[in-house]
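Asks:
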Amino acid sequence: MGWERARSEEQKEQRITEIIDATARLYETLKFEEITFVLIAKEANFTRSNLYKYFRTKEEIFLEFIKHDIVLWRKDVTANLKPGSIISVKEFASVWVGLKVQHKRLIKLLSILHNALEKYVSIEKLTEFKRGAKEELFVMAEALCSLLPVLTIEKAAIFLELQIASAIGLFQMTDLSEMQQQILDDPEFVVLKLDFEISFQETVEHLLNGKLSR
236 MGWERARSEE
246 QKEQRITEII
256 DATARLYETL
266 KFEEITFVLI
276 AKEANFTRSN
286 LYKYFRTKEE
296 IFLEFIKHDI
306 VLWRKDVTAN
316 LKPGSIISVK
326 EFASVWVGLK
336 VQHKRLIKLL
346 SILHNALEKY
356 VSIEKLTEFK
366 RGAKEELFVM
376 AEALCSLLPV
386 LTIEKAAIFL
396 ELQIASAIGL
406 FQMTDLSEMQ
416 QQILDDPEFV
426 VLKLDFEISF
436 QETVEHLLNG
446 KLSR
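The numbers in our numbering rise by one with no breaks, and the one at position 214 of the sequence shown is 449.
(1) Quick check on DSSP: helix, strand or coil for V306?
(2) Out of S243, V425, L429 and A400, which one is the CA nearest neighbour of K335?
(3) Quick one, which of E299, I254 and G333 has its alpha-carbon nearest R366's?
(4) Taking the straight line between their C-alpha atoms, what separation do you get for E278 and F364?
(5) Assuming I296 contacts I254 (C-beta within less than 8 angstroms), just tell me the rounded distance between them.
(6) Have a look at V356 and F281 and give me their C-alpha separation to the nearest angstrom.
(7) Can you tell me which of E326, Y287, E432 and A259 puts its alpha carbon nearest to the alpha carbon of M408?
(8) Which of helix, strand or coil does DSSP assign to L341?
(9) According to DSSP, is V330 part of a helix, a strand, or is it coil?
(10) Taking all protein chains shown into account, do 16 or more other C-beta atoms lie within 10 angstroms of the C-beta of E294, making it buried, or fewer, making it exposed?
(11) Going by beta-carbon coordinates alone, are L411 and F435 separated by less than 9 angstroms?
(12) Can you check whether the CB of I393 is closer than 9 angstroms to the CB of K446?
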């Protein structure tokens with residue numbers, strides 16, 4: 236396919252979508268450290284110089300990738316959690332964890348956000364990313380308040396931040412290599428073995444019960 240420079244905002248958005256889609260395909264089989272600016276350009280059928288017209292670094296591309304996945308997650312949350320659809324904290328936690336598992340790529344991406352991405356982009360790009368993420372979280376916080384009226388926006392926002400931190404930690408503790416898994420299967424160490432969904436559901440329940448009781 237021949238490359239043609241985007242001449243409108245709609246065309247620019249299409250180019251960015253193509254870049255993010257290419258990055259997502261690479262991320263299915265490669266680690267973040269293995270993906271390069273050149274690989275992304277090649278996968279998207281861009282020249283390196285053309286890719287520079289949209290992003291200056293791989294880290295900027297991954298920030299956009301995360302923003303894309305946050306939007307998908309927010310859409311799922313607001314579509315599946317409607318007022319009157321949940322009757323208990325336990326039921327909410329079960330639905331919430333189910334939605335989170337459907338977006339495990341986002342958890343994986345968030346696990347590299349602070350150390351591998353945010354430190355290596357410009358303050359302008361980081362501010363833009365933070366502003367967009369804040370807007371998406373605010374929409375989800377409003378949805379949570381409609382679902383659980385005893386929650387304030389502030390409590391809902393804190394819950395969202397804490398559950399993200401918990402999900403990242405549990406993901407890193409359960410996304411194991413074959414050797415790590417083999418060791419934890421040994422009866423001597425099985426007490427150290429965690430299941431992401433079970434542990435995350437318990438965490439969500441504890442977080443919400445704490446917020447609802449204050």
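For every residue, glycine included, the Cβ atom is placed at its ideal position computed from N, Cα and C.
Replies: Well, looking at it:
(1) Walking along the sequence shown from the start, residue 306 turns up at place 71. Helix at V306.
(2) Residue numbering aside, residue 335 sits at position 100 when the sequence shown is read from its first letter. It is A400 whose Cα lies nearest to the Cα of K335.
(3) Working through the sequence shown from its first residue, we reach residue 366 at position 131. Among E299, I254 and G333, the Cα nearest to that of R366 is on E299.
(4) In the sequence shown, residue 278 corresponds to position 43, counting from 1. In the sequence shown, residue 364 corresponds to position 129, counting from 1. Going by the C-alpha atoms only, they are around 24 angstroms apart.
(5) If you number the sequence shown from 1, residue 296 lands on position 61. If you number the sequence shown from 1, residue 254 lands on position 19. Indeed, because the Cβ distance is near 6 angstroms, the residues count as touching under 8 angstroms.
(6) Within the sequence shown, numbered from 1, the residue matching residue 356 stands at position 121. Within the sequence shown, numbered from 1, the residue matching residue 281 stands at position 46. C-alpha separation (whole angstroms): 22 angstroms.
(7) The residue you call residue 408 lines up with position 173 of the sequence shown. Closest option to M408, Cα to Cα, is E432.
(8) Indexing the sequence shown from 1 puts residue 341 at position 106. Here L341 sits in helix by DSSP.
(9) By one-based count along the sequence shown, residue 330 stands at place 95. In the structure shown, V330 falls within a helical segment according to DSSP collapsed to helix, strand and coil.
(10) Along the sequence shown, one-based indexing puts residue 294 at 59. So E294 counts as buried.
(11) Looking up residue 411 in the sequence shown gives position 176. Looking up residue 435 in the sequence shown gives position 200. It is not a contact, given that the beta carbons lie outside the stated cut-off.
(12) Within the sequence shown, residue 446 is the residue found at index 211, counting from 1. Within the sequence shown, residue 393 is the residue found at index 158, counting from 1. A distance below 9 angstroms separates the beta carbons of K446 and I393.
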